[in-house]
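With numbering that gives the first Met the number 0, the residue at position 328 of the first sequence is 327, and numbering never jumps.
Each residue gets a CB set at the ideal place from its N, CA and C atoms; glycine is no exception.
Note that the structure is predicted; figures quoted are calculated from it, not measured.
Note sheet for the following structure.
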Amino acid sequence: MEVRVRIAPSPTGSPHIGTAWQALFDYVFAKKHNGKFILRLEDTDRARFVPESVDQIHETLEWLGFEYDEGPGKGGNFGPYIQSERREIYKKYTDKLIGKDLAYESDGAIRFKMNKEGKTTYHDLVGDKDITIENSTQDDFVILKSDGFPTYNFANVIDDHLMQISHVIRGNEYISSMPKYLQLYKAFDWTPPQFAHLPLLVGSDRSKLSKRHGAKSALDYKKEGYLKQAVINFLALLGWSNPEGKEIFSLEEMIKVFDLKDFNQASVYFDPQKLEWMNGEYIRMMSDEDLAQNLREYLVDHPAKDKIGEVVPLVKERIKKLADFIPLTNFLWQKPEYDRAVFEKLKIDGDIQKVLDRIIEKMQSMGKPWKAEEFEKTFRELAGELKISAGDMFQLIRAAISGQLVTPPLFESIQILGEDETLRRVEYVARSYQDLPKLVERIESE
RNA sequence: GCCGCCUUCGUCUAGUGGUUAGGACGCUGGGUUUUCAUCCCAGUAAUCACGGGUUCGAAUCCCGUAGGCGGUACCA
Numbered sequence: 000m001e002v003r004v005r006i007a008p009s010p011t012g013s014p015h016i017g018t019a020w021q022a023l024f025d026y027v028f029a030k031k032h033n034g035k036f037i038l039r040l041e042d043t044d045r046a047r048f049v050p051e052s053v054d055q056i057h058e059t060l061e062w063l064g065f066e067y068d069e070g071p072g073k074g075g076n077f078g079p080y081i082q083s084e085r086r087e088i089y090k091k092y093t094d095k096l097i098g099k100d101l102a103y104e105s106d107g108a109i110r111f112k113m114n115k116e117g118k119t120t121y122h123d124l125v126g127d128k129d130i131t132i133e134n135s136t137q138d139d140f141v142i143l144k145s146d147g148f149p150t151y152n153f154a155n156v157i158d159d160h161l162m163q164i165s166h167v168i169r170g171n172e173y174i175s176s177m178p179k180y181l182q183l184y185k186a187f188d189w190t191p192p193q194f195a196h197l198p199l200l201v202g203s204d205r206s207k208l209s210k211r212h213g214a215k216s217a218l219d220y221k222k223e224g225y226l227k228q229a230v231i232n233f234l235a236l237l238g239w240s241n242p243e244g245k246e247i248f249s250l251e252e253m254i255k256v257f258d259l260k261d262f263n264q265a266s267v268y269f270d271p272q273k274l275e276w277m278n279g280e281y282i283r284m285m286s287d288e289d290l291a292q293n294l295r296e297y298l299v300d301h302p303a304k305d306k307i308g309e310v311v312p313l314v315k316e317r318i319k320k321l322a323d324f325i326p327l328t329n330f331l332w333q334k335p336e337y338d339r340a341v342f343e344k345l346k347i348d349g350d351i352q353k354v355l356d357r358i359i360e361k362m363q364s365m366g367k368p369w370k371a372e373e374f375e376k377t378f379r380e381l382a383g384e385l386k387i388s389a390g391d392m393f394q395l396i397r398a399a400i401s402g403q404l405v406t407p408p409l410f411e412s413i414q415i416l417g418e419d420e421t422l423r424r425v426e427y428v429a430r431s432y433q434d435l436p437k438l439v440e441r442i443e444s445e
C-alpha cells in the first residue's frame, strides 16, 4: 500500500515552528517510504481564518524545501485540498450518518451519536504501543456546525479517508479524541489509517507552544537569517534522535535512518540557543561561495553587494546567523558613528590624539600597497615606543577605522577599506576627537 | 473532577537487567589569537520524579503515589 501522509495546517496565522516541525516528519516519513506528502488546508474555522496565512504556509514549506506532491493548486484526484471548498462532501457524509440514524440535529448543528459503551483501543506508532480510552469519556460531538462548516473532528476523518491517507501523523493532543475518529470510521465501514501521535512542542513554561509564548513563526527564523538546513537539523533533534548518534546530519541522511519508533513521547522544549549554535555550524560548513550567495539573497538592499564575496572569509567564523553580518561589517561601506566612550575603554594613558597623530605619520610613510607584515611590525614598534601594549595599539586603530572594538581581522578590513579611506578615518578621529559624542549606554547594551 | 500521555544533567537526548549513567547545547576555566569569533583541552551539572516490590543485581521489569502536560469547544 502506498504511503500517503498529510500536513494539515489551519490558516489562522503564519505557521509557527511547531507546524514546520510536524511537516518535517511528515515529509521525511513520506520520502522514506517513497510515498506522497500532501498539503491540506483546514480552514473550517471562519472566525480565526487569516487570509495571508495561506501564502505564509506555502512560503514556509517552500523555504524548508518540503515540496508537496498533492495539495492546493497541485495535482491529485481527490477533489479540492482546501476544506472550505469541500463542503458538499461533508454535507453528503453527514446526510449518510443521519440516514443511518447515527447523527442528529441540535441547535442548528449536526451531532454524531457516540457509542459510550466499552473502550476504544488503537495502536500508536510513536512508542509502538496500544492506547485504550474509555468511550464513556466522550460525548455526542458536533460534526457539522450551524454555519455549514464541518468540525476538525469530522473533516479530518472524511478527508483522510477520501484522500487515502495511510498514516496520520499529528500532535498528541488528539489522542483523547481517538474514540470519536474510530467510531466515525466504523460508521462508514472504512478502514482507519495508522496513527502516530507526536509529542507536543512546549514553551518555556512547558505548556503547548502558542503565540502566547511569543512563539515565532517559522518565517521569522528565515527573516533573522537562519539557514533552512540548520533549522531542519535542529527540528529533527526535537523528540527524535539520530540512531547513529549524530548531531549534525542532512535531510537526506535523516530520511535514510528515520523510523517513527525512535520518537520520544515526552513534551519537548525548543532551545533557541542550540538552534543558534547549529546555525553557526552550518554557516561554517558552507563554502565561501555558498555563504556569499546566501548573504546576497538575504541582504536584498545591501549597499555593496559586489563586495560581499570578498568579506565572507573574514566573517564566516564570526556570524551565527546571516543577520549578524550587518553589525559586523557595516563600517566597511559606510562612515562609522564614532563614540568617544569606545576610545576611553582602551587602556591608553595620556593623549589619544597624540597617539593617533603618530599612527597617521606612520601610515603616511608606509609604501602603498601596505603589506600585512610591515603593517604589523610598524605598529608593534610604535606601540613599544609609546609604551602602550600592542593590543591596545591595534584596538585603537580598529576603533579609529570602525568606531567599534569588535570587527573582522584588522588588516584585512583595512585592505577592503583601502589605504586612503583608512587614513581619512584616522585623521578624522584625530582631528575631532574632543567633539565625538559619548554614547555609553548604547555601547553597554550591546 | 474525569480520561489520556509523559517524567534521565538547566535544555535536547543516549540508554531496553550488570556502564565510573554517555553525547550535544549552555555555563566555567585554560590554550591558540592584535579585537571578536573559530579551533583545541579540561571542568560543571542527572541521589535516572518519589515509594514499594521482583532479582545476586534495576534508569531499565511490576505495582502504587506525586507532579507536569493534553483532552473534556458549533478551536484545531
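DSSP lists 118 as the beta-bridge partner residues of residue 133. Put simply, the backbone Cα of residue 109 is about 58 Å away from that of residue 291. Runs of the alpha helix (DSSP H) lying entirely within the region 379 to 440 and spanning at least 4 residues, in chain order: 389 to 401, 409 to 416 and 418 to 431. Short of 7 Å from the beta carbon of residue 256, and not among the five residues preceding or following it, lie these beta carbons of its own chain, in chain order: 241, 242 and 243.
Residue 301 sits in coil when the DSSP states are folded into three classes, being neither helix nor strand. By the neighbour-count definition (other C-beta atoms within 10 Å, threshold 16), residue 91 is an exposed residue.
Its chain contains 277, 278 and 281 as the residues whose beta carbon lies nearer than 6 Å to that of residue 229, once the 5 sequence neighbours on both sides are disregarded; these appear in chain order. Between residue 373 and residue 365, the CB-CB gap stays under 8 Å. For residue 421, the number of other beta carbons within 10 angstroms of its own is at least 16, and it is reported as buried. Counting every other CB atom within 10 Å of its CB across the protein chains shown gives residue 332 a total below 16, marking it as exposed. For residue 17, the three-state secondary structure derived from DSSP is helix.
C-alpha of residue 258 to C-alpha of residue 418: approximately 58 Å in a straight line.
Counting the other CB atoms within 10 Å of its CB gives residue 0 a total below 16, which places it among the exposed residues. Residue 152 places its beta carbon less than 8 Å from that of residue 179. When DSSP reads this structure, residue 170 sits in a beta bridge with 197. Between the region 350 to 365 and the region 304 to 316, the count of Cβ pairs shorter than 8 Å is below three; the stretches do not touch. By the Cβ neighbour-count rule, residue 22 is buried, with 16 or more other Cβ atoms within 10 Å of its own.
Bounds of any beta strand (DSSP E) do not take in residue 125, whose DSSP letter is neither H nor E. Closest by C-alpha distance to residue 45, out of 113, 148 and 95, is 148. Just measuring C-alpha positions, the residue of 267, 321 and 28 sitting nearest residue 223 is 321. One alpha carbon belongs to residue 389, the other to residue 303, and they sit about 32 Å apart. Excluding its 5 nearest sequence neighbours in each direction, residue 245 has C-beta neighbours in its own chain below 8 Å: 252, listed in chain order. Look at the beta carbons and you see the region 73 to 82 not touching the region 25 to 32: under three pairs across the two are nearer than 8 Å.
Shown here, residue 325 sits in a helix according to DSSP, grouped into three states. A contact between stretches requires three or more CB pairs, one per stretch, nearer than 8 Å, and the region 204 to 223 meets this requirement with the region 55 to 70.
Residue 141: member of the beta strand (DSSP E) spanning 140 to 143, first to last residue. In the DSSP assignment, residue 38 falls within the beta strand (DSSP E) that extends over 35 to 38.
A distance below 6 Å between beta-carbons, with the five flanking residues on each side excluded, links residue 101 to the following residues of its chain, in chain order: 112 and 186. Around the beta-carbon of residue 41, 16 or more other beta-carbon atoms lie within 10 Å, marking it buried.
Taking each of 306, 154, 271 and 383 in turn and checking the Cα distance to residue 9, the smallest one comes out for 154.
The C-alpha of residue 214 lies about 15 Å from the C-alpha of residue 272. In the pairwise beta carbon analysis, the region 341 to 349 is classified as touching the region 392 to 399: at least three pairs are separated by under 8 Å. Restricting attention to alpha helix (DSSP H) runs no shorter than 4 residues, the region 335 to 375 encloses them at 339 to 343 and 351 to 364, ordered along the chain. Going by beta carbons, residue 269 and residue 16 fall inside the 8 Å limit.
Your pair residue 435 and residue 337 checks out as a contact, with CB atoms roughly 5 Å apart and the cut at 8 Å. In the three-state reduction of the DSSP assignment, residue 283 falls in the helix class, which pools H, G and I.
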